[in-house]
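Residue numbers (the UniProt record's numbering): 1 to 259.
Positions of the beta carbon are idealized from the N, C-alpha and C atoms, including for glycine.
Heads up, the thing below is written out as structure tokens.
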Ligand code: ADP
Ligand code: MG
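Right, here's the structure in full:
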């Protein structure tokens, strides 16, 4: 297949709660999709830029970022950079993006800016994964508007379902007004501590609510997954034999089999 022939599937990773595993999933799902041979782009749309640094990009070396694409209409292909992982590119974020949420408010077609940008490059990739910030503001709305589907990480903890009705309400509003075709890719249970009963209870509760929409792959708490970002590597290169690498490969395969 030559460049330009692909029709990348766009998956937004969203949950307005912080610390549920969005960035860990963006970095490692993207890297595992690339590892199994899929041409993949990860878009960091969180001003914290944890996906950018987690994948080994020094934010000090980044000349332009997703901010310039969203606010200044810079061409995404001028901003996308290669990563150390074969088949994996990134559209990086820097702290400059922190102003975008406010700067976009008075602009024309503020909700569809990311969608327009992605349309220019969609044909170059099999998968485009978007790491959303922990809010339901304009950056997340742009992501849901640009996406074919949304992947929702849910941490296996006591308040797991809290806040999800708000997120689902936002998804419904986007479906109604901005993106009729938006689907739920799946709910991903993360950071499971298999030694506690609580984890099992949360799995049952989430499955009762989301049924077949829950990914079979469950991400356990894994020390190596927590360490990898500080080395600027996805788990698949940092420790390919770890449990963390195995489960994110499983998740990549499940996403591929979803079609
Ligand atoms: P979010 O992007 O939703 O805020 P992160 O992916 O940044 O969440 O995860 C929050 C913290 O938990 C990070 O320090 C991350 O390294 C750690 N973490 C995430 N998933 C796991 C896991 N499965 N095992 C161990 N640590 C994890
Ligand atoms: Mg994050």
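Could you compute how far the alpha carbon of residue i sits from the alpha carbon of residue j?
i           : j           : result
residue 129 : residue 40  : 8 Å
residue 95  : residue 243 : 32 Å
residue 141 : residue 171 : 9 Å
residue 2   : residue 195 : Bear in mind that the predicted position of residue 2 carries a pLDDT of just 47, short of 50, making it too unreliable to give a figure here.
residue 197 : residue 221 : 14 Å
residue 105 : residue 80  : 25 Å
residue 256 : residue 240 : 20 Å
residue 58  : residue 208 : 42 Å
residue 51  : residue 201 : 30 Å
residue 10  : residue 252 : 14 Å
By the three-class DSSP mapping on this structure, what secondary structure does residue i have?
i           : result
residue 24  : helix
residue 194 : coil
residue 12  : strand
residue 121 : coil
residue 44  : strand
residue 127 : strand
residue 149 : strand
residue 133 : coil
residue 235 : helix
residue 189 : strand
residue 157 : coil
residue 240 : coil
residue 246 : helix
residue 78  : helix
residue 203 : helix
residue 256 : helix
residue 214 : strand
residue 184 : strand
With a threshold of 6 Å on Cβ separation, who are the neighbours of residue i within its own chain once the five nearest residues in sequence on each side are excluded?
i           : result
residue 35  : 236
residue 119 : none
residue 229 : 54
residue 28  : 234, 235 and 248
residue 122 : 8
residue 38  : 126 and 127
residue 250 : 217
Within the same chain, show all residues whose beta-carbon is closer than 8 Å to that of residue i, passing over the 5 residues directly before and after it, in chain order.
i           : result
residue 259 : none
residue 167 : 14, 15, 16, 136 and 152
residue 193 : 156, 199, 220 and 221
residue 98  : 47
residue 147 : 10, 11, 12, 130, 179 and 182
Can you list, in chain order, the residues of its chain with a C-beta nearer than 7 Å to that of residue i? Leave out the 5 residues immediately preceding and following it.
i          : result
residue 31 : 85, 88, 234 and 236
residue 24 : 225
Using a Cβ-Cβ cut-off of 7 Å, state whether residue i counts as contacting chain B.
i          : result
residue 60 : Here chain B cannot be found, since the structure has a single protein chain.
(message) Which residues neighbour the ligand ADP when neighbourhood means a C-beta less than 5 Å away from any of its non-hydrogen atoms? List them by chain order.
(response) For the ligand ADP, the selected residues are 18, 19, 20, 21, 22, 23, 24, 191, 219, 221, 222, 225 and 226.
(request) Just list the beta strand (DSSP E) runs in the segment 80 to 113, keeping only unbroken ones of 3 residues or longer that don't cross its boundaries, in chain order. (result) Scanning the segment 80 to 113 for uninterrupted beta strand (DSSP E) segments of 3 residues or longer gives 88 to 91, listed from N- to C-terminal end.
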